[in-house]
Amino acid sequence: MTDNTTIVFSPDTLAVAKKIIARYPEGRQKSALIPILHLAQAEFNGWLSPEAMDYVASILNIKPIEVYEVVTFYSMFNTKPVGKCLLEVCQTSSCWLRGSNEIIDHLKKKLNINVGETTADGMFTLKTVECLGSCGTAPMLQCGADFHENLTIEKVDSLLEKLKNKNERSTYLKSLNVNG
Amino acid sequence: MAKVTIDGIEVEVPDGTTILNAARQIGGEVVPPAMCYYTSLKETGGKCRVCLVKVTQGSAKDPRPMPKLVASCRTPVADGMVVQNVTSPDVLEARKGVVEFLLLNHPLDCPICDQAGECDLQDLSYEHGTEGTRTEFERRTFDKIDIGDKIKLHMTRCILCYRCVFVADQLTPERVHGVLNRGDRSEISTYIEKAVDNDFSGNMIDVCPVGALTDRTFRFKSRVWFTKPMDAHRQCSKCCGKVVLWMKGNEVLRVTGRKDQYGEVKEFICNECRFEHKNTADWTIEGPRHINRHSVISQNHYEKIDLQNLKREVERQIVFQKGRQLPEASPNS
Amino acid sequence: MGRKLLLEHINEPGIQSFKVYRQKGGYASVEKALKTMTPDAVTEEVKKSGLRGRGGAGFPAGMKWSFIDKKSDKPRYLVCNADESEPGTFKDRYLMEHIPHILVEGMITSSYALGAKTSFIYIRGEYMYIVRILEKAIDEAYANGFLGKNILGTDYSLDLYVHPGAGAYICGEETALLESLEGKRGNPRLKPPFPAVAGLYACPTVVNNVETIAAVVPIVNNGGEEYAKIGVGKSTGTKLISASGHINKPGVYEIELGLPVEEFIYSEEYCGGIWKGRKLKAVVAGGSSVPILPTDLILKTAKGEPRLMTYESLSDGGFVSGTMLGSGGFIVMDETTNIVKNLYTFSRFYHHESCGQCSPCREGTAWLEKILHRLLHGQGKKKDIDILVDAAKKIEGNTICPLGDAAAWPVASAIRHFRKEFEEEAAALPAERNLELATH
Chain A
2 MTDNTTIVFS PDTLAVAKKI IARYPEGRQK SALIPILHLA QAEFNGWLSP EAMDYVASIL
62 NIKPIEVYEV VTFYSMFNTK PVGKCLLEVC QTSSCWLRGS NEIIDHLKKK LNINVGETTA
122 DGMFTLKTVE CLGSCGTAPM LQCGADFHEN LTIEKVDSLL EKLKNKNERS TYLKSLNVNG
Chain B
205 MAKVTIDGIE VEVPDGTTIL NAARQIGGEV VPPAMCYYTS LKETGGKCRV CLVKVTQGSA
265 KDPRPMPKLV ASCRTPVADG MVVQNVTSPD VLEARKGVVE FLLLNHPLDC PICDQAGECD
325 LQDLSYEHGT EGTRTEFERR TFDKIDIGDK IKLHMTRCIL CYRCVFVADQ LTPERVHGVL
385 NRGDRSEIST YIEKAVDNDF SGNMIDVCPV GALTDRTFRF KSRVWFTKPM DAHRQCSKCC
445 GKVVLWMKGN EVLRVTGRKD QYGEVKEFIC NECRFEHKNT ADWTIEGPRH INRHSVISQN
505 HYEKIDLQNL KREVERQIVF QKGRQLPEAS PNS
Chain C
4 MGRKLLLEHI NEPGIQSFKV YRQKGGYASV EKALKTMTPD AVTEEVKKSG LRGRGGAGFP
64 AGMKWSFIDK KSDKPRYLVC NADESEPGTF KDRYLMEHIP HILVEGMITS SYALGAKTSF
124 IYIRGEYMYI VRILEKAIDE AYANGFLGKN ILGTDYSLDL YVHPGAGAYI CGEETALLES
184 LEGKRGNPRL KPPFPAVAGL YACPTVVNNV ETIAAVVPIV NNGGEEYAKI GVGKSTGTKL
244 ISASGHINKP GVYEIELGLP VEEFIYSEEY CGGIWKGRKL KAVVAGGSSV PILPTDLILK
304 TAKGEPRLMT YESLSDGGFV SGTMLGSGGF IVMDETTNIV KNLYTFSRFY HHESCGQCSP
364 CREGTAWLEK ILHRLLHGQG KKKDIDILVD AAKKIEGNTI CPLGDAAAWP VASAIRHFRK
424 EFEEEAAALP AERNLELATH
């Protein structure tokens with residue numbers, strides 16, 4: 002899946018990006034890198050292609066390698082295309098103690114994919130992640146900005162149904178409201 | 205100035221000097237090894253942890269010991285500081301651990317590695333490591349890549365000292381390579397395969413402590429200990445032009461910067477000197493270079509033992525010993 | 004019922020909004036501090052309160068503030084550490100989600116004390132929905148004159164921003180956090196210099212946990228001495244505990260420090276006992292990094308005294324028989340729990356989260372995980388247990404930042420207290436295994 006559209010922010014997104022950059026002192030625009038990568042990932046189909054990263058570098062006037070170094074460090078940035086809905090299932094202690102493995106197994110069976118894979122229709126990508134700070138409501142998964150907690154097999158099934166019907170790309174950024 | 209005692213030997217150094225550099229003033233056994241620190245590259249050091257030492261007294265003013273072993277390459281001395289390096293079993297044990305960690309994923313390909321014989325990791329494991337290994341897992345591997353037509357990146361051998369990244373940052377106009385990914389998946393890379401191409405990129409080879417970055421023009425030409433290192437220079441508009449020619453007969457197989465006894469190049473050279481002048485006629489040859497390190501290269505002596513040099517070294521040690529206070533009897537010393 | 008200082012109004016409908024929060028006495032600390040106190044007087048109250056950093060290290064907050072370099076002519080920064088990522092810890096998320104204004108208020112009062120003109124809340128990227136909540140609260144604070152130029156008509160001005168991370172536990176380490184805030188990889192810095200001297204943009208900086216900053220609000224309102232009356236000894240005030248695992252009532256509880264551990268686990272007011280009528284086996288009391296303790300040692304110290312929820316009581320006995328209060332991530336395990344498997348999830352976590360900068364952590368965390376994986380898959384050997392202990396020992400204390408210790412302690416303590424289980428894993432044949440972990 003390559004992106005045919007040109008890698009440029011929409012005027013609205015660019016305005017938000019400029020607002021974010023303005024938060025940081027003169028000469029420290031690089032501080033805006035992570036927030037702007039979030040914008041880019043949301044705008045460019047849920048992943049950061051080399052072109053998208055180079056574009057972000059040009060906005061911040063930094064070297065492309067500085068962007069690659071950061072993108073590959075943080076686990077929320079995808080350097081490969083992902084399905085419309087990225088299902089991130091927590092598997093660390095508290096979630097494991099309360100049955101995250103059953104949730105993961107169920108998702109694998111139900112979606113007929115392994116962890117790290119995307120369904121043939123491009124709808125779901127299954128990922129296991131480490132502690133998301135939802136230990137008191139374990140087991141849980143994150144899809145976009147939403148935490149789905151106290152999961153059971155039934156809840157997972159109805160969530161998948163809902164996501165399929167909605168047929169929208171999941172994103173960490175729901176709205177681009179930025180203060181300042 | 206600050207007076208600091210390292211393994212019972214006192215030395216006076218300017219304020220702000222690191223423990224490692226204070227130890228280097230003394231020389232010999234008390235100098236901790238260093239795999240990532242590089243004097244002429246700012247911000248290097250602290251990462252490999254082989255130079256850890258024990259500070260048993262913080263300073264004259266505050267004599268409390270430091271709670272953990274510290275990276276001697278990045279810890280400044282204080283007046284009255286007391287440091288243990290080889291006299292501390294804790295330090296030796298920790299260092300043994302670091303060597304083991306560094307070797308967990310390092311390939312055992314010394315027989316086909318161009319760095320063999322002048323490799324800091326070889327020296328380190330020989331001196332501080334253990335025989336054999338406790339790991340039984342498959343080693344981490346990466347594909348070999350050419351970053352330009354002159355430099356080979358063999359990431360599998362890399363110990364992530366970051367020196368080459370600092371070279372690119374501090375010596376070259378634009379850095380195109382860096383450290384990507386995280387944890388034990390970290391790698392030196394350009395991300396999308398790009399050539400590292402600028403006048404000073406070749407220095408990445410000289411600062412690499414292992415065989416991760418090697419000179420493609422020298423690749424598999426000869427084991428280093430079969431070559432003859434000769435100091436030489438030429439007029440160069442880009443750099444100091446002071447190099448070492450690694451020769452076999454009259455053939456120049458390789459050109460490098462001049463490394464000191466700690467493996468550091470003080471004056472970096474340009475790519476033209478390094479890669480484009482493999483002809484003795486291009487150089488004024490000064491004479492053979494003595495390799496003053498533990499490496500295998502110095503084992504294959506082609507030069508006679510320099511008695512003058514040896515005498516000077518003995519005298520120097522005596523001078524240091526003179527000002528030395530008798531160490532207190534302790535099980536550690 | 005213990006006193007509630009942070010969660011007092013948690014059940015108040017609409018407490019997320021400025022209006023209700025203000026009606027309930029919110030922003031009083033800003034008024035009091037800016038109008039009646041000097042910045043140093045605010046710091047003095049925090050010192051008197053005995054408040055200790057709530058992120059995990061427990062360093063006295065007032066002392067940390069007093070280290071800030073006031074001679075420097077550079078701007079000073081306050082950065083709130085909302086990168087809550089320690090497994091078992093979710094208190095900051097709970098507080099920010101439900102009472103965002105207490106953090107905003109605490110940031111204003113604390114920034115005033117430190118002389119910061121710009122402050123940041125660095126929040127883990129996965130909490131993106133909370134970024135929206137906080138930004139809304141900040142907008143409301145601006146609209147009501149509590150942020151921006153000349154707050155409440157005084158000379159003091161402050162801008163406050165929320166800055167999201169993007170998935171990296173290591174950014175909870177304060178210098179890694181600052182690197183990340185500068186738009187770089189989250190590699191911890193070598194210290195010295197400490198952030199108080201050279202932090203964000205090489206300027207004097209204080210980094211404090213969400214709960215620490217929120218606690219400044221009641222401290223300034225009621226005075227540090229009042230705060231210090233709660234608790235036991237050097238463990239003053241209240242603490243948010245994140246309770247999870249095999250208990251009847253997982254959740255966030257505000258406790259007065261000094262509460263007996265037994266009461267916390269079994270009383271209806273808190274965890275409500277072990278689920279499914281089972282027995283307690285072990286507890287990780289302060290987030291994944293702290294040593295695990297078996298039932299007898301978590302309920303009572305080795306000397307037989309009741310274990311209390313305080314910094315001192317939990318660490319009584321050192322690492323031989325004690326643990327740490329840490330972040331207050333209280334993970335409870337029932338009698339059916341396989342300790343080796345639980346440890347495996349921790350070691351996988353630290354391997355995943357190591358920044359890779361220094362060799363003992365980069366290589367060591369991966370090795371620990373691999374050995375545990377092998378143990379759990381019928382390929383373990385008895386010597387593996389000794390290698391685990393030795394490798395953990397060689398990571399501990401030898402790394403740039405505390406992640407190395409955090410990876411080593413769970414391994415060392417699990418083997419110390421549950422060695423038999425490791426030996427059983429090492430002795431079992433592959434066929435006898437529940438290969439539950441094999442695919443993940």
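Protein chains in written order, with this note's numbering: chain A, 2 to 181; chain B, 205 to 537; chain C, 4 to 443. Don't be surprised by glycine CBs; every beta carbon is placed ideally from N, CA and C. The structure displayed is predicted, hence computed values, not measured ones.
Where residue i sits in the DSSP three-state scheme
i, result
"A/Q143", "strand"
"A/F125", "strand"
"B/R379", "coil"
"A/G137", "helix"
"B/E247", "coil"
"A/W48", "coil"
"A/T172", "coil"
"C/L283", "strand"
"B/E490", "strand"
"B/F346", "coil"
"A/R24", "coil"
"C/H376", "helix"
"B/V286", "strand"
"C/Q19", "coil"
"B/L417", "strand"
"B/I396", "coil"
"B/R423", "coil"
Residue burial classification, residue i (beta-carbon count within 10 angstroms, cutoff 16)
i, result
"B/E331", "exposed"
"C/L117", "buried"
"A/L174", "buried"
"C/D387", "buried"
"B/R516", "exposed"
"A/E162", "exposed"
"B/Q465", "exposed"
"B/E507", "With a pLDDT of only 47 at B/E507, under 50, the local geometry of the prediction cannot be trusted, and the value read off the model is given with reservation. Exposed, since its Cβ has fewer than 16 Cβ neighbours within 10 Å."
"C/G307", "exposed"
"B/D419", "buried"
Endpoints, the alpha helix (DSSP H) within which residue i is located
i, result
"B/D219", "Element bounds for B/D219: n/a, residue is neither H nor E."
"C/G332", "First-last for C/G332: G332 to D337, but that is the beta strand (DSSP E), not the alpha helix (DSSP H)."
"B/K470", "Here B/K470 belongs to no alpha helix (DSSP H), and DSSP marks it neither H nor E."
"C/K108", "Note on identity: in this sequence residue 108 of chain C is Glu, with Lys being the wrong assignment. Note, C/E108: alpha helix (DSSP H), P103 to L117."
Presumed contact (8 Å Cβ cut-off) between residue i and residue j, rounded CB distance
i, j, result
"C/A429", "C/K384", "6 Å"
"B/L307", "B/G333", "7 Å"
"C/V343", "C/L378", "6 Å"
"B/V254", "B/I223", "Not really, about 14 Å apart at Cβ, beyond 8 Å."
"C/V255", "C/K27", "Incorrect: roughly 19 Å between the Cβ atoms, too far for contact."
Nonlocal neighbours in the same chain, by C-beta distance under 6 Å from residue i, ignoring five residues either side
i, result
"B/K398", "V380"
"C/L283", "I277 and T298"
"A/E52", "I8"
"C/Y269", "G276"
"C/T251", "Sequence inspection shows Asn at residue 251 of chain C; the Thr mentioned does not correspond to that position. Contacts found: G275, G276 and W278."
"C/A171", "G189"
"C/V323", "none"
Host beta strand (DSSP E) of residue i (start-end)
i, result
"C/W412", "Note, C/W412: premise wrong, no beta strand (DSSP E); alpha helix (DSSP H) at L406 to A430."
"B/K258", "L256 to Q261"
"C/E259", "G254 to E259"
"B/D327", "B/D327 -> not in any beta strand (DSSP E); alpha helix (DSSP H) instead, spanning D324 to H332."
heavy atom of the ligand MG below 7 Å from residue i C-beta
i, result
"B/P236", "Only the bare structure without any ligand can be found here, which leaves the ligand MG out of the picture."
Sequence-distant residues of its chain with Cβ nearer than 8 Å to residue i (five each side left out)
i, result
"B/R228", "V235 and Y466"
So if I threshold CB-CB distances at 8 Å, which residues from the stretch 94-106 of chain A count as touching chain F? Among the chains of the structure shown, chain F does not appear; the protein chains present are A, B and C.
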